[in-house]
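**Student:**
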Amino acid sequence: MSNTQAGFAPSNAGTIATHAAHETLDLRRVAGRIGAEIRGVRLSGSIDAQTFDAIHAALLKHKVLFFRGQQHLDDTEQEAFARRFGETVAHPTVPSVDGSRHLLELDSQHGARANSWHTDVTFVDAYPKISILRAVVIPPYGGDTVWANTAAAYENLPEPLRRLADTLWALHTNAYDYASSHVNADPEQLKRYREVFTSTVYETEHPVVRVHPETGERSLVLGHFVQRLKGLSAGDSTHLLQTFHDHVTRLENTVRWNWTQGDVAIWDNRATQHYAINDYGDAHRVVRRATVHGDVPVSIDGRQSVVLRGAGETLQ
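Numbering (the numbering used here), first residue to last: 5 to 320.
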């Protein structure tokens, strides 16, 4: 069944909020199925309630929002704004930026290029619900990020694949094959990054299809942290995962953002995947990410994700 056919359509309150968002904000859609740019808003922890509510409603509808000209944001204000969405959380294994509580720095010179499709931190159960990324240092060319709408991907699956996806569960872990997704990385740099990233190994089983707790939409929970599908052989898992991946990353489901210094992107991590394009050679790229505590995914039949190894939803 599709999202609306399944009886999980967004509530009337959500529809009203979405209309209010478009009336309140200077919002321009960037692509057909995902992404909108909002202009004329200065992000901060003290942003007024009406504007924040409109941003939140627009985020649920468009999945990723873009804001240019936010150079006034520093680490403290980025975290303060993130807390408007809920409690912020640190990355489970990578240390936070000095002087911040939960901010993660992704520095291309330290091996952090994130050039494979993923949803943030799905190797834990209550992975972040929202991510907020700020452009600190941007290369003179390249370094774009692409997002995919995993709810639209589910909605547009052929009916037999939707029915199959509804029944599947997948094992997610941070101990995945780094070399295959970082083919041009310096081996020593990659080794050091992997040692930090896997200093504690996490494994969690998620439903391949989760129900969004705010919109009721169904979306696909996949990406590079998936090791295999539960109950299937490695070979069968690989073939099926590639099939679903191809549907998620269809160009019709994606939006691409060309960064400038001071840009901010906010995405619903429960309904998207993203890919940071590694096409800028030795140029320097630094972005800083705040993440908001999520909720444990629930399958279409009401079952929650299961922790197999590592800490659960109490991660702080």
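Note that CB positions come from ideal geometry on N, CA and C, so glycine has one too.
Let me know if R167 comes out buried or exposed under the rule of 16 or more other beta-carbons within 10 Å of its beta-carbon.
**Tutor:** What you label residue 167 is simply residue 163 of the sequence shown in a count that begins at 1. Counting Cβ neighbours within 10 Å, R167 comes out exposed, since fewer than 16 surround it.
**Student:** Measure the beta-carbon distance from T208 to H176 and round it to whole angstroms, keeping in mind my assumption that it falls under 8 Å.
**Tutor:** Along the sequence shown, read from residue 1 onward, the residue named residue 208 stands at position 204. Along the sequence shown, read from residue 1 onward, the residue named residue 176 stands at position 172. Right, the Cβ-Cβ distance comes to about 5 Å (below 8 Å), so this counts as a contact.
**Student:** Look up G306 in the DSSP assignment and say whether it is helix, strand or coil.
**Tutor:** Indexing the sequence shown from 1 puts residue 306 at position 302. Coil at G306, not helix or strand.
**Student:** By DSSP's criteria, S241 is part of a beta bridge. Which residues make up the other side?
**Tutor:** Reading the sequence shown from its first residue, position 237 is the one you call residue 241. For S241, which the question treats as bridged, DSSP gives no partner whatsoever.
**Student:** Going by C-alpha to C-alpha distance, which of G90, S104, L108 sits closest to V98?
**Tutor:** As a first step, residue 98 must be located in the sequence shown, where it is residue number 94. Of G90, S104, L108, the residue nearest in Cα terms is L108.
**Student:** What are the boundary residues of the beta strand (DSSP E) that includes Q74?
**Tutor:** Residue 74 sits at position 70 when you count from the first residue of the sequence shown. Unbroken run through Q74: none, as it is neither H nor E.
**Student:** Taking only heavy atoms of the ligand GDP into account, decide whether any of them is closer than 8 Å to the Cβ of G298.
**Tutor:** Looking at this structure, you won't find the ligand GDP or any other ligand, since it has none at all.
**Student:** Taking 8 Å as the cut-off, does the segment 53-68 touch the segment 249-258 (at least 3 CB pairs, one atom from each stretch)?
**Tutor:** Output reads no: the segment 53-68 does not touch the segment 249-258.
**Student:** In whole angstroms, give me the CA-to-CA distance for A183 and G314.
**Tutor:** Taking the sequence shown and counting its residues from 1, one reaches residue 183 at position 179. Taking the sequence shown and counting its residues from 1, one reaches residue 314 at position 310. Legend: pLDDT at A183 = 45, less than 50; position of this residue unreliable, no value from coordinates given.
**Student:** Which residues in the same chain have their Cβ closer than 7 Å to the Cβ of H228, if we skip the five residues on either side of it in sequence?
**Tutor:** Residue 228 sits at position 224 when you count from the first residue of the sequence shown. Result list for H228: S120, W121, H122, Y180, S185, in chain order.
**Student:** Can the beta-carbon of R274 be found less than 9 Å from the beta-carbon of H216?
**Tutor:** Walking along the sequence shown from the start, residue 274 turns up at place 270. Walking along the sequence shown from the start, residue 216 turns up at place 212. Going by C-beta atoms, R274 is nearer than 9 Å to H216.
**Student:** How big is the Cα-Cα spacing for A35 and G239?
**Tutor:** Within the sequence shown, the letter at position 31 stands for residue 35. Within the sequence shown, the letter at position 235 stands for residue 239. Answer to the nearest angstrom: the Cα atoms are 35 Å apart.
**Student:** Give me the Cα-Cα distance between R293 and A280, rounded to the nearest whole angstrom.
**Tutor:** Against the sequence shown, residue 293 aligns to sequence position 289. Against the sequence shown, residue 280 aligns to sequence position 276. Straight-line Cα distance between these residues: approximately 13 Å.
**Student:** Which partner residues does N153 have in the DSSP bridge list?
**Tutor:** Residue numbering aside, residue 153 sits at position 149 when the sequence shown is read from its first letter. Per DSSP, T276.
**Student:** For the alpha helix (DSSP H) that I59 lies in, which residues bound it at each end?
**Tutor:** The residue given as residue 59 occupies position 55 in the sequence shown. First-last of the alpha helix (DSSP H) with I59: 53-66.
**Student:** Among the residues of its own chain, which have a CB less than 7 Å from the CB of T28, if the five just before and after it don't count?
**Tutor:** By 1-based counting over the sequence shown, the position of residue 28 is 24. Hits under 7 Å: Q54, T55, A58.
**Student:** Quick check: the segment 70-77 against the segment 32-51, are at least 3 beta-carbon pairs closer than 8 Å?
**Tutor:** Taking 8 Å as the limit for Cβ pairs, the verdict is that the segment 70-77 does touch the segment 32-51.
**Student:** Residue range of the beta strand (DSSP E) that T126 falls in?
**Tutor:** As a working note, residue 126 is residue 122 in the sequence shown. T126 -> no beta strand (DSSP E), and no H or E assigned at all.
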